[in-house]
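K.L.:
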Amino acid sequence: MLSNRERKIVERFEKSRKIQSAGSLRSQIGEEETFFTMMRRMARENKLAVFSAIVILLIILAAILAPVLTPYSYSDMDLMNRLSPPSSAHLFGTDEAGRDILTRLLYGARVSLLTGVVPTIMSMLLGALLGVVSGIYGGWLDDLIMRLADITLAFPSMLLAMVIMYMLGDGLINVFLTLALVNWASVARIVRAQTLQLKKTEFVEAARVIGVRRGKMIFRHILPNCLPTLIVLFTLNVPAAILTESSLSFLGLGLQPPSASWGLMVNSGRQYLYAAPWLSLAPGIAIMVSVLAFNFLGDGLRDVLDPYQKK
Amino acid sequence: MADNTLEIRNLNTSFFTQHGEVRAVNDVSLDVRRAQITGIVGESGCGKSMTARSVMGLVRYPGRIVSGRIRLDGKEITGLSKKEMCSLRGNELSMIFQEPMSSLNPVMKVGKQVEETLRIHQHVTKEEAARRTEEIFREVGISDARSRMACYPHQLSGGLRQRVMIAMAMICKPKLLIADEPTTALDVTVEAQILSLMKRLCEGGTSILLISHNLGVIAQVCDYVYVMYAGRIVEQADTCTLFDHPVHPYTRALLGAASSLRSGAARLETIPGGVPNLLHLPSGCSFSPRCEKCARQCQNEVPQMLPVSGEGHLARCYFANVPEE
Amino acid sequence: MREVLLEARNLTKEFPAGRKKKVHAVTNVTIQILRGETLGLVGESGCGKSTLGRLLIGLLKPDSGQVLAGGEDVTRMSDRQFGKYRRQLQLIFQDPYSSLDPRMNVREIIAEPLRTWNVCRTKEELTDKVLELMEAVGVPGEYLYRYPHQFSGGQRQRIGIARALAADPELIVCDEPVSALDVPVQNQILNLLSELQESRGLTYLFISHDLSVVRHISDRVCVMFLGMICEVGEKEEVYQSPMHPYTRFLLNAILLPDPHHRHEEEHLLTGEIPSAVNVPSGCRFHTRCPYAAKRCLSEVPQLKDAGGRLVACHYPLKP
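Residue numbers (numbering that gives the first Met the number 0), protein chains in the order written: chain P, 0 to 310; chain R, 0 to 324; chain F, 0 to 318.
(1) Any C-beta of chain F within less than 8 Å: which residues of the region 175-194 of chain R qualify?
(2) My output table needs one value for residue 104/F: the three-state DSSP class, helix, strand or coil.
(3) Assign residue 12/F to one of two classes, buried (16 or more other C-beta atoms within 10 Å of its C-beta) or exposed (fewer than that).
(4) To the nearest angstrom, how far is it from the Cα of residue 64/F to the Cα of residue 210/F?
(5) Kindly indicate which residue of 189/R, 132/R, 276/R, 260/R has the alpha-carbon position closest to the one of residue 269/R.
(6) Using a Cβ-Cβ cut-off of 7 Å (strictly less than) and excluding sequence neighbours within five positions of residue 294/F, which residues of its own chain qualify?
(7) Starting from residue 317/F, trace the alpha helix (DSSP H) in both directions and tell me its first and last residue.
(8) With residue 268/P and residue 241/P assumed to form a contact (beta carbons below 8 Å), what rounded beta-carbon distance in angstroms separates them?
(9) What residue range is occupied by the uninterrupted beta strand (DSSP E) comprising residue 6/F?
(10) Check residue 318/R in the structure and name its three-state DSSP category.
(11) On the DSSP letters alone, give me the boundaries of the beta strand (DSSP E) that residue 6/R sits inside.
(12) Using three-state DSSP, classify residue 266/F as helix, strand or coil.
(13) With 16 as the cutoff for other CB atoms within 10 Å, does residue 273/P come out buried or exposed?
(14) In the DSSP output, what is residue 21/F paired with across the bridge?
(15) What does the alpha-carbon distance come out to for the pair residue 103/P and residue 93/P?
(16) Taking 8 Å as the threshold (beta carbon to beta carbon), is residue 242/R in contact with chain F?
(17) What does a CB cutoff of less than 8 Å around residue 4/P pick up in its chain, not counting 5 residues either side in sequence?
(18) Classify residue 205/F as helix, strand or coil using the three-state DSSP reduction.
(19) By the three-class DSSP mapping on this structure, what secondary structure does residue 97/R have?
(20) Alpha carbon to alpha carbon, what distance is there between residue 108/R and residue 23/P?
(21) Below 7 Å CB to CB, which residues in the same chain sit around residue 114/R once its five sequence neighbours on both sides are set aside?
(22) Taking 8 Å as the CB-CB cut-off, is residue 45/P touching chain R?
(23) Kindly give me the distance between the Cβ atoms of residue 195/R and residue 262/F, rounded to whole angstroms, as I take these residues to be in contact under 8 Å.
(24) Distance cutoff 8 Å, beta carbons only. Does residue 115/F sit that close to anything in chain P?
(25) Show which residues of chain R have a CB atom less than 9 Å away from the CB atom of residue 5/P.
(26) As an exercise, report each continuous beta strand (DSSP E) stretch of at least 3 residues that is fully enclosed by the region 33-89 of chain F, in chain order.
(27) Determine the chain R residues that contact residue 181/F at a beta-carbon separation under 7 Å, and present them in chain order.
(28) For residue 33/R, which three-state DSSP category applies?
(29) Under 9 Å Cβ-Cβ, which residues of chain F neighbour residue 220/P?
(30) Which class does residue 62/R belong to by DSSP, given the choice of helix, strand or coil?
(31) For the region 226-236 of chain R and the region 51-62 of chain R, state whether three or more C-beta atom pairs, one from each stretch, are separated by less than 8 Å.
(32) Checking contacts by CB at 8 Å: is residue 258/F closer than that to chain R?
(33) Would you mind working out which of 98/R, 245/R, 71/R sits nearest residue 185/R, comparing C-alpha positions?
(34) Quick test of your reading: residue 9/R and residue 24/R, contact by CB under 8 Å. State the CB separation rounded to the nearest angstrom.
(35) Taking only the alpha-carbon atoms, compute the straight-line gap between residue 28/P and residue 182/F and give it to the nearest angstrom.
(36) Output needed in chain order: residues of the region 201-234 of chain P with a Cβ under 9 Å from some Cβ in chain F.
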């Protein structure tokens, strides 16, 4: 009568019932969850998130220790060894100027991780703040912020980024600023929509009855309930930022060769896609792995922060 | 058996969740007699809605009917394919829900929605469908039927929306109408109107299965009542017998709670404890942890439905026939 | 005569509804709430009872009219001046599911008013106070760190009550606090509310559409229809011999859990409630009232004293 899956559920339930009745005498008083117990719970329940966190840590470590890990320099050309395939001397091969690709990947991780994470955090902070303020206070402030967001969104993002880069000039910090200024608007719109929804809920009304001021309301009720959305947005925006940086670099607006970033490497390898696919493939896989790691970690964080998942 | 429109025998519906098996409907047998209103009463989560959904074939994953037989007008419907169930629903078998707004398409005129139901199941022309829709609108007491047919759901009041839902359910002249808390979302004066409409439909020959948590609703319109608790039927009797001589301790407690509101007593009657978790049902009678009469056998074995003096009166209690001291 | 705790004078509140249209939620309502009593406010959906409740505790600002507390008009106050009344006027919500923040545990929820008003100096004191409140409403202390979704509807409603009590209020507006609950659970909550009233000297404005519940818990009853008051009086007087036709039909529509007393059609009200956007002229009930005369179509009846109670009808029924 029962399918295999269903039989398993019934059996597991019987087992857990026995365990429960054995432990029912223990005091049931709970404890408040601290940050550490929460992380421990995530480690227990979501192995993938833990694995992802380790991968991200390893990438960061490799980026920091790049000079120790590789004998080559990321900028020294070796024109005798152009486009050589992976070998024991050059694990991932060399590029069109004979530079070791592994070395460039390690150094590129510094730029790419930073351009992935820092401007995304900046744009999320800016967007969330403006979105919440817009939703909570309404009126002319709401109009002003939302029109600004509309204008930002109306421009093609690449064009906007180019304009801002032209005005600010080259440099890593300016790349960060540019990416943050391009991406804040969508975050602000989404957070505002959610704020308006939350504003109508009874628990926000209850807080008003108690006399909670609007500023406190934002941090106690609105932002915590926006958190799952923000985490998803973060995992979506990190790869977007890495790729936008590469496009900017490609257009000669971001970092300039010979400095290395993953996006730049993918782009410059494109011309040799048939002759030497490892030029684009290696940085491409690096981007993919780190983006996936951020995604899984984000999912894990979202679940562990969700009270409905707590037993 | 021609005098029963619906027969359910030993129905079990379970949800296989990650926490274990939730036995939403537990060995339920019930009959809906022709041209009568049969009621199921119980608290939220007692399985009364799931019984209805099982009949309609609307149990969603991870739930399914594990065992049991459902017969509509003598015809077995448990083994039917999805397609066959679809042609049955809305045609021979209809259901109305608590919240009429969420059951209606907000961007379609209500007249069109009712016509569509008819045209799905019966080959009629557009004109014929419109004519019959207008007719059924009048029948369910919608004044000014023709202009109401051109309204969108949000333009109608809650009571009118529920009448539209009833019209939609009745347009194909179903053998059985299941009403799941049809008046809970309505105002007091409108509730009374809808209930008298249901009584009229029943007098017209429709068999109705009425599900409600409100003993007042049940007492007003039902001919025969089933009381459910934690997935099981605990008592069944015709309405007057049930309200006059309840024997199951749960039925007594429920009736006591409802009537103590009117007694003028300072403290209202309640039932100690809470409804059991369907994941961890007590091993014996599910009401035993809250029952003052609870004996050892109540804790060990689930009692069967025992006949009580009085025709068609059954109760799932070992003490059903022990006279009150 | 008992002391008046809160008084509303000619309160009117309208909400915009599309172009040039308005929902007449509350129109010219005058009402007194006496200290220590339970005033039941009954009416069907859309009659403005929830809006009136929110106007009285200052959650909404009226378009015109006054709310007097201790002789002061609280509607004209700045937020700062209103501060001291904020704690005294609390609200219990209908939906025990959406009225608690899903991301807060019980301790944080009940502690929120205590934190906002700096009632406790230390963390331990705060926890003690929260545990004390949980005991008062009958939620076991070991659930301190649980989240709302882990509780049943009745227990959540208890947590909501504890949150309101934490502010140490004088008046609690109970907005349909039991209509989402099953009868046995509803009775538990009603018993709890009565106990708390006795031990803490609370005053309730009890809003409900369920006349049986209101009859049980109230001292006085106020019946509303489409934003206006029909009848106010002592509970038993109103229930025994209603003077406003609407009150009588409302009482006739009560569904008794007794199959021997079934409704008879002729005693039921016909038709639907008119929309609050296009309210009928004159007496707002005249479209459904079988006793309506010419005068009812044009002249708005005022709330008048009729032998110890107030009735707004040109032709009140004989008691």
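Don't be surprised by glycine CBs; every beta carbon is placed ideally from N, CA and C.
P.N.:
The short version:
(1) 186, 187, 188, 189, 190, 191, 192, 194
(2) Note: residue 104/F maps to coil in three-state DSSP.
(3) With 16 or more other Cβ atoms within 10 Å, it is buried.
(4) 28 Å
(5) 260/R
(6) Correct list, in chain order: 313.
(7) Note, residue 317/F: premise wrong, no alpha helix (DSSP H); not H, not E.
(8) So it is not a contact: roughly 15 Å between Cβ atoms.
(9) 3-15
(10) Coil.
(11) 3-16
(12) helix
(13) Classification for residue 273/P: exposed.
(14) 15/F
(15) Their Cα atoms are separated by approximately 9 Å.
(16) Under the 8 Å criterion on CB atoms, residue 242/R is classed as interfacial with respect to chain F.
(17) none
(18) strand
(19) coil
(20) Low local confidence applies: a pLDDT of 38 at residue 23/P is under 50, so the model's placement there is unreliable, and no value is given.
(21) 128, 129, 132
(22) no
(23) Taking a contact as a CB-CB distance under 8 Å, the pair residue 195/R and residue 262/F counts as one, their CB atoms being some 7 Å apart.
(24) yes
(25) Those within 9 Å of residue 5/P in chain R are 13, 15, 20, 61, 63, 65.
(26) 37-41, 63-68
(27) 42, 43, 212
(28) coil
(29) Per Cβ cutoff of 9 Å: 100, 102, 103.
(30) Three-state DSSP puts residue 62/R in a strand.
(31) No, the region 226-236 of chain R is not in contact with the region 51-62 of chain R.
(32) Yes, contact with chain R.
(33) 98/R
(34) Contact flag wrong, Cβ pair sits at about 10 Å.
(35) Legend: pLDDT at residue 28/P = 49, less than 50; position of this residue unreliable, no value from coordinates given.
(36) 201, 202, 203, 204, 205, 206, 207, 208, 209, 210, 211, 212, 215, 219, 220, 223, 224, 226
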